[in-house]
Amino acid sequence: MNDTLVLADAAGRVRIAAARGGRIASLRVYGEELLVGPCGDPLAGGSYPLAPWAGRLRHGRFRFDGREYRLPCNPGPHAIHGTVSGQPWQRVGDATLGTELAPGWPFDGFALQRFVLREDGLDVRLELHARTQSYPASAGFHPWFRRRLRRGGPLALDFAATQRVVLDAEGLPTGALAPPGTATGDDCFVGLPGDPCLRWPGVLTLRLGSNHAHWVVYARPAHALCVEPWTAPPDALNGTPALVRPGDPLVLEMRLDWEREP
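See the structure below:
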């Protein structure tokens, strides 16, 4: 079975590697590759889905419906970024991929990704479904954008938020909020009055949109910038997760709109 899905038009070309966690392995716009390519770390390139939890889950543990659950920790002392980015996805329809939430996830559920390439952008929709029982969940997308393209100036980010989720030394929420100006380079924000906008001067601008309020910005790598729409902050399964019920999925939408710069 062909494990690569390609969508293309005059402006954009998207290559989705189903076998590599259902990730967008390449996003070319106006002839420029916007995403960091494969490297030794499977979590450090492309743009991949995070589910059924996003970010760190404290020590791989959470409680639901009166019971404690334990999940494998990887890497380090926490379980990170869910299960679906490390397993193959399958074609289940036109421009649609699907995968089970197992192994390791204790509930019977599955995920779908739907891709729509437009003349001026790309829409990606992530759905988490339950078959027979409800379960808590969060979700996210983790795109790795290149700071430099072949042409033009270095990447600039237009990002305005009113609050930052305060994280402790383990990178997990304390329950407090702080001004955005105290950011650490690996932060979760809320209260955005407008969509984040990435600009590669002289080449293109890329506006990101989401149907949820949380955004993670990972700005520490010198070669990449990650601007990530999430449904909730890290460790959401121990905080205020969404409840996925049979027939009532959790849906995260990521919209990318591009425009050529003069």
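Numbering (numbering that gives the first Met the number 0), first residue to last: 0 to 261.
The C-beta atom is built at its ideal place from N, Cα and C for all residues, glycine as well.
Among the options, nearest to residue i - alpha-carbon criterion
i    : options                : result
R19  : A10, E32, G36          : G36
R66  : A129, R113, Y134, L121 : Y134
Q132 : L116, R124, D107, H141 : D107
P102 : P240, P87, P192, W199  : P87
R244 : D40, G180, F109, R62   : F109
R60  : A235, P261, D256       : A235
C263 : H58, S46, D93          : As displayed, the chain neither begins before 0 nor continues past 261, which places residue 263 out of reach and without an answer.
L56  : P261, T239, P248       : T239
V5   : E31, R90, L171         : R90
R130 : G246, T3, A43          : G246
D64  : N237, P248, A17        : N237
H128 : A138, D122, D119       : A138
L154 : P179, G21, E32, R22    : E32
T161 : A168, G180, G174       : G180
D194 : S209, G201, W257       : S209
P233 : D256, T173, P261, L224 : T173
G120 : L205, L34, P74         : L205
L111 : P105, D93, L42         : D93
L26  : P142, A136, G85, T98   : P142
T95  : D122, E169, G201, A43  : D122
R48  : P261, R62, V189, T98   : Correcting the residue type first, residue 48 is Pro in the shown sequence and not Arg. That would be T98, whose Cα lies nearest to the Cα of P48.
L100 : R113, S84, F114        : S84
Where residue i falls: helix, strand or coil (DSSP)
i    : result
L171 : coil
E227 : strand
V202 : coil
L249 : strand
L207 : strand
R57  : helix
V83  : helix
L242 : strand
A24  : strand
L33  : coil
L236 : helix
A18  : helix
M0   : Annotation note: pLDDT 47 at M0 (below 50); position unreliable, coordinate value reported separately. It is coil, neither helix nor strand.
F106 : coil
W257 : strand
W88  : coil
G190 : coil
C196 : strand
D185 : strand
L6   : strand
L42  : coil
Cβ separation of residue i and residue j, assumed to be a contact under 8 Å, to the nearest whole Å
i    : j    : result
L166 : H211 : Not really, about 19 Å apart at Cβ, beyond 8 Å.
V226 : L197 : 7 Å
R254 : L191 : Actually they do not touch by this definition, with Cβ atoms about 14 Å apart.
H213 : A241 : Actually they are not in contact, since the Cβ atoms of H213 and A241 sit about 12 Å apart, beyond 8 Å.
W199 : L156 : Actually they do not touch by this definition, with Cβ atoms about 11 Å apart.
H222 : R150 : Their Cβ separation, rounded to whole angstroms, is 17 Å, which puts H222 and R150 out of contact at 8 Å.
F144 : L125 : With 8 Å as the limit, F144 and L125 do not qualify as a contact, their Cβ atoms being about 19 Å apart.
Y29  : R259 : 6 Å
V288 : W229 : Missing from the structure shown is residue 288; the chain here goes from 0 to 261 and no further.
R163 : L176 : 7 Å
D2   : A17  : 5 Å
R14  : S46  : About 11 Å separates the two Cβ atoms, so there is no contact after all.
L249 : A159 : Actually they are not in contact, since the Cβ atoms of L249 and A159 sit about 27 Å apart, beyond 8 Å.
Interface flag, residue i vs chain B, CB-CB below 7 Å
i    : result
Y217 : Absent from the structure: chain B. Only one protein chain is present.
Can at least three beta-carbon pairs, one atom from the segment 74-85 and one from the segment 45-61, be found at a separation below 8 Å? Segments in contact, yes.
Whole runs of the beta strand (DSSP E) within the segment 110-182, excluding any shorter than 3 residues: With a minimum length of 3 residues, the continuous beta strand (DSSP E) runs that stay inside the segment 110-182 are 120-129, 134-136, 139-142, 155-157, 162-166, 172-177.
Cβ pair count under 8 Å reaching 3, the segment 3-14 against the segment 180-190: The count of Cβ pairs closer than 8 Å, one atom from the segment 3-14 and one from the segment 180-190, stays below three, leaving the stretches out of contact.
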